[in-house]
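Asks: Positions in the sequence shown are counted from 1; adding 267 to them yields my numbering.
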Amino acid sequence: MRSPTQRELDLRMIDAMLSPVLGTEVVQAAELSGGGFAAVWRATLADGRSVVVKAGPADDVRLLRYERDLIPAEARYFRMVRDVAPVPEVLHLGDGWIATTLLPGRSLTEVPDAAAVREELGRVIARVHTIEGDHFGYDGGRPSGRDWPEAFTAIMRALIADAADWDVPLPAGILETVERHRAVLASVTRPALLHFDLWDGNVLTEGGRLTGLVDGERHLYGDPLLDLVSPALFHRIEDEPDHPFLRGYAAATGLVLDDDARTRLTLYRLHLYTLMVTECPSRGVPVGHEWHVRMSKMLAEELQRL
Numbered sequence: 268m269r270s271p272t273q274r275e276l277d278l279r280m281i282d283a284m285l286s287p288v289l290g291t292e293v294v295q296a297a298e299l300s301g302g303g304f305a306a307v308w309r310a311t312l313a314d315g316r317s318v319v320v321k322a323g324p325a326d327d328v329r330l331l332r333y334e335r336d337l338i339p340a341e342a343r344y345f346r347m348v349r350d351v352a353p354v355p356e357v358l359h360l361g362d363g364w365i366a367t368t369l370l371p372g373r374s375l376t377e378v379p380d381a382a383a384v385r386e387e388l389g390r391v392i393a394r395v396h397t398i399e400g401d402h403f404g405y406d407g408g409r410p411s412g413r414d415w416p417e418a419f420t421a422i423m424r425a426l427i428a429d430a431a432d433w434d435v436p437l438p439a440g441i442l443e444t445v446e447r448h449r450a451v452l453a454s455v456t457r458p459a460l461l462h463f464d465l466w467d468g469n470v471l472t473e474g475g476r477l478t479g480l481v482d483g484e485r486h487l488y489g490d491p492l493l494d495l496v497s498p499a500l501f502h503r504i505e506d507e508p509d510h511p512f513l514r515g516y517a518a519a520t521g522l523v524l525d526d527d528a529r530t531r532l533t534l535y536r537l538h539l540y541t542l543m544v545t546e547c548p549s550r551g552v553p554v555g556h557e558w559h560v561r562m563s564k565m566l567a568e569e570l571q572r573l
């Protein structure tokens with residue numbers, strides 16, 4: 268199912284975007300699969316280079332509140348982390364689109380048993396987390412706050428407002444639950460740079476090594492534990508002490524998952540599942556679809572745990 272947020276592009280359009288800024292024509296182009304928000308294409312240039320073009324939704328497409336200006340946000344992320352993580356080089360940032368270098372490798376969705384790569388990813392993300400922001404939450408006028416409880420509450424409040432706009436039912440008591448755990452959130456005092464979207468499709472590998480992180484457009488600043496949710500998507504990483512990502516991250520940081528950390532991880536799964544339920548209609552997935560039902564069930568389970 269193609270998301271309504273994904274633009275329809277073709278070779279002619281890709282060439283019109285790239286040739287004026289890269290100085291050579293596009294001779295071949297093909298859309299890449301795996302994403303559900305932007306249109307992503309691989310383009311071969313006349314000078315032999317292969318590049319990636321990522322185009323955000325058209326201006327008249329409805330989005331969630333935190334999804335404004337995600338393409339320039341991706342450029343910012345790649346530029347911030349390029350010295351500590353393998354990310355694409357930004358070749359050009361256009362109006363609603365970005366051109367980057369093509370990284371080698373395949374995504375972890377195609378190499379699911381790459382434990383060494385996942386452990387390396389944990390160490391790399393630990394380095395990324397040493398980068399700090401000057402606020403908590405998102406930038407660019409999106410949900411943020413002076414401290415982590417304020418920012419996290421603003422993020423959740425925006426998602427609940429999005430759900431109301433799209434007529435997506437959510438269980439009662441989400442904001443009240445977040446507020447009840449405000450003291451646990453307040454233990455986070457450093458706004459670390461977070462990727463947020465570290466599921467297998469955004470991690471590249473080749474030859475048994477980590478070769479790239481992509482899709483950094485949803486980055487924000489806050490609790491490093493937020494980045495421990497998506498590498499173990501649909502699992503509870505705190506219940507899997509031998510998970511390779513956790514092993515690599517803990518070796519680099521000395522992380523110990525005490526009761527407060529476990530509570531925060533549950534809050535961050537609550538956030539992720541609220542987001543995934545809320546975004547369904549914007550991605551062309553109707554309320555009541557099998558995917559929506561599954562995500563709603565997981566959301567309810569995390570809320571019950573809290």
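A virtual CB, placed ideally from N, CA and C, is assigned to each residue, including glycine. Quick caveat, the model's predicted, so the values are computed rather than measured.
When the Cα of L358 is compared with those of L369, V470, L566 and G412, which residue comes out closest?
Replies: Among L369, V470, L566 and G412, the Cα nearest to that of L358 belongs to L369.
Asks: Would DSSP call I398 helix, strand or coil?
Replies: Three-state result, I398: coil.
Asks: So, at 7 Å on beta carbons, what are the nonlocal neighbours of G400 in its own chain, with the 5 sequence-adjacent residues on each side left out?
Replies: These residues qualify, in order along the chain: P458, L460 and Y488.
Asks: Shortest alpha-carbon distance to V435 belongs to which of L570, H559, D282 and D467?
Replies: That would be H559, whose Cα lies nearest to the Cα of V435.
Asks: Let me know the alpha helix (DSSP H) ranges lying completely inside the stretch 385-451, each 4 residues or longer, listed in chain order.
Replies: For the stretch 385-451, whole alpha helix (DSSP H) runs of length 4 or above, ordered along the chain, are 415-432 and 441-447.
Asks: What are the complete beta strand (DSSP E) segments, minimum 3 residues, inside the stretch 486-535?
Replies: List check, beta strand (DSSP E) in window: 487-489.
Asks: Would you decide whether F501 is buried or exposed? Buried here means 16 or more other CB atoms lie within 10 Å of its CB.
Replies: So F501 counts as exposed.
Asks: Label P271 either buried or exposed according to how many other C-beta atoms from any shown protein chain fall within 10 Å of its C-beta, with 16 as the threshold for buried.
Replies: Classification of P271: exposed, given that the 10 Å Cβ count is below 16.
Asks: Tell me the rounded alpha-carbon separation between P508 and D494.
Replies: Rounded to the nearest angstrom, the two C-alpha atoms are 16 Å apart.
Asks: Pop quiz: G301 and G468 are said to be a contact at Cβ under 8 Å. What is the actual Cβ separation, rounded to whole angstroms?
Replies: Correct: roughly 5 Å between the Cβ atoms.
Asks: In the structure shown, what three-state DSSP assignment does L537 receive?
Replies: Here L537 sits in helix by DSSP.
Asks: Would you identify the three-state DSSP class for L542, choosing helix, strand or coil?
Replies: Of the three classes helix, strand and coil, the one that applies to L542 here is helix, per DSSP.
Asks: With C-beta atoms as the reference, is L539 less than 7 Å away from T444?
Replies: No. Outside cutoff.
Asks: Can you have a look at P379 and say buried or exposed, based on whether 16 or more other CB atoms are within 10 angstroms of its CB?
Replies: By the neighbour-count rule (16 or more Cβ atoms within 10 Å), P379 is not buried but exposed.
Asks: Can you tell me the Cβ-Cβ gap for S411 and D464, rounded? I've got them flagged as a contact below 8 Å.
Replies: Contact flag wrong, Cβ pair sits at about 18 Å.
Asks: Determine the burial state of D350: buried for a count of at least 16 other Cβ atoms within 10 Å of its Cβ, exposed for fewer.
Replies: It counts as exposed.
Asks: Taking 6 Å as the limit between beta carbons, can you name the residues of its chain near K321, skipping five residues before and five after?
Replies: Within the same chain, K321 has close Cβ partners A305, V307 and I365.
Asks: For A381, count neighbouring Cβ atoms within 10 angstroms of its own Cβ and tell me buried if that reaches 16, exposed if not.
Replies: Buried is the call here.
Asks: Report buried or exposed for V348, applying the criterion of at least 16 other Cβ atoms within 10 angstroms of its Cβ.
Replies: Buried, by the Cβ-count rule.
Asks: Do you know offhand how far L480's Cα is from G521's?
Replies: Approximately 23 Å between the Cα atoms of the pair.
Asks: For Q273, report the span of its alpha helix (DSSP H) as first-last.
Replies: Here Q273 belongs to no alpha helix (DSSP H), and DSSP marks it neither H nor E.
Asks: How would you write the range of the beta strand (DSSP E) that W308 sits in, first residue to last?
Replies: Looking at the DSSP string, the run of the beta strand (DSSP E) that includes W308 is A306 to L312.
Asks: For L542, count neighbouring C-beta atoms within 10 Å of its own C-beta (all shown protein chains included) and say buried if the count is 16 or more, exposed if not.
Replies: So L542 ends up on the buried side.
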